[in-house]
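Under our numbering, think of the first position of the sequence shown as 9, with each following residue one higher. To keep things clear, I will list the structure first and then write my remarks on it.
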Amino acid sequence: MTKPLPAALSPTRLQALAAEYGTPLWVYDAATIRDRAASLKRFDVVRFAQKACSNVHILRLLREAGVKVDSVSRGEILRALAAGYTPGGDDIVFTADLLDHATLATVVEHRIPVNAGSIDMLDQLGAASPGHAVWLRINPGFGHGHSHKTNTGGEHSKHGIWHADLGAALAAVRRHGLQLVGLHMHIGSGVDYAHLAQVGQAMVGLVRETVAAGHDLHAISAGGGLSIPYREGDARIDVAHYFGLWDAARREAETVVGHALTLELEPGRYLVAESAVLLAEVRAVKNAGANRFVLVDAGFNELMRPAMYGAFHAMSLISTGSAEGGLQATVVAGPLCESGDVFTQGPGGEVLTRELPPAVVGDLLVIHDAGAYGASMSSNYNSRPLAAEVLVDGERSRLIRRRQTVEELLALEV
Ligand code: LLP
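Structure representation (structure tokens):
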């Protein structure tokens, strides 16, 4: 049994939305996002890693649910401001491993705290804006992820300040009179409890070193990385247990600094993945030797995760009622002129099949758990305009991004 979709995304509702707005179409459920935000209330600050889903209406919804925001580019800072987050305080934090010129000017102008992933960033920020608020993102020397592409720790990772360079980073903070807010770690996406416990302990060690170097700090961040059950049988993260691990690390760190510390969490996927589906229409059905292909009008330019990581997304079919018969081993693929444009594939790009009811042209394919790293990773490959996005909120639904046009693509090329 595939995990049920959010109650508001019933087959008849999805069919009606596809008819109204066309396909491919992203459909988000507001109630799911609010529910996930509420489930993390134990943490002092929940900061949404907006790279997972940066639509301004989703950001606004999260802001109204009490969630702060992380931005990783100038564009994401401007999106956060457009969603009503206030500059200057701790609403928005900018996290990166480098500062390009335009972004440096933007963080200075809007006084956005910077979570620095390199000492060069501290030097550049310090020169431009002495006294600026900073976090230090530390690479603790180990990491973990659902794919090696989402592991952000260890010596093969470009992310964060290497743990042995913490002293040098603290010296740069002092040299420039920067204001240290806290220490941050994000070791990857799709991590397990063993690694999570290890991160908490590593954090305590870093806090010790920071205090020994004569610095004070106010907060620690556990980063993101919480997974969701994409596959049948995948466990759902036990938030109370996870909080307990970090709370214990925080308490220990508090005895080191001698005062209370704010505990932040920075999830992306956990807050939004299960809120959305990608709808696509079946446009062709054909066989190639032993394989049965169902071709739909969405491709990896919409949802890149299967092609990029071999990621698994549950799928269901809303049938028009004309096909008969039991489940069939089916390869689900898109329209792109690229062999890797297959939604059913493994991490090495091997073509896999999925058991689906027999599909005919006109049926609607529903790709589940597409709210995180779906629309935000879309591209215009094959000159395909970005798909529309719809937000369902109870009985109401509204377009939160209209479909891009080819004319808009061409307009950039004058
Ligand atoms: N904080 C930092 C500094 C990050 O780099 C990320 C994700 C997060 C938080 C949020 O991670 P999450 O809670 O969503 O796992 N495109 C990949 C995921 C790449 C994540 C990049 N950084 C995917 O589709 O699985």
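Just so you know, even glycine gets a beta-carbon here, dropped at the ideal spot from N, CA and C.
- As DSSP reads the structure, R145 sits in a beta bridge with H192.
- For the 8 angstroms CB-CB criterion, H154 and G125 do not form a contact.
- In the three-state scheme derived from DSSP, where H, G and I count as helix and E and B as strand, S229 is classed as strand.
- In this structure, I408 lies near V398, with their beta-carbon atoms less than 8 angstroms apart.
- In the DSSP assignment, L417 falls within the alpha helix (DSSP H) that extends over V414 to A419.
- In the structure shown, R291 adopts extended strand secondary structure according to DSSP, grouped into three states.
- Residues of the same chain with a CB within less than 6 angstroms of the CB of V54, apart from the 5 flanking positions on each side, are L48, V75 and L273 in chain order.
- Assignment of beta-bridge partners to W170 by DSSP yields N147.
- In the structure shown, the three-state DSSP call for Y381 is coil.
- The C-beta separation of L372 from L234 comes to about 30 angstroms, leaving the pair out of contact by the 8 angstroms criterion.
- For G97, the closest C-alpha among the options G329, L344 and V189 is that of V189.
- Positions of the alpha helix (DSSP H) runs, each at least 4 residues long and wholly inside the segment 295 to 351, are given as 313 to 317 in order along the chain.
- Bounds of any alpha helix (DSSP H) do not take in I245, whose DSSP letter is neither H nor E.
- Comparing alpha carbon positions, the residue from L335, V212, I127 and M316 closest to M323 is L335.
- With a 10 Å radius around the Cβ and a threshold of 16 neighbouring Cβ atoms, R258 comes out buried.
- For the ligand LLP, no non-hydrogen atom lies closer than 7 angstroms to the CB of S387.
- For R362, the beta-bridge partners assigned by DSSP are T338.
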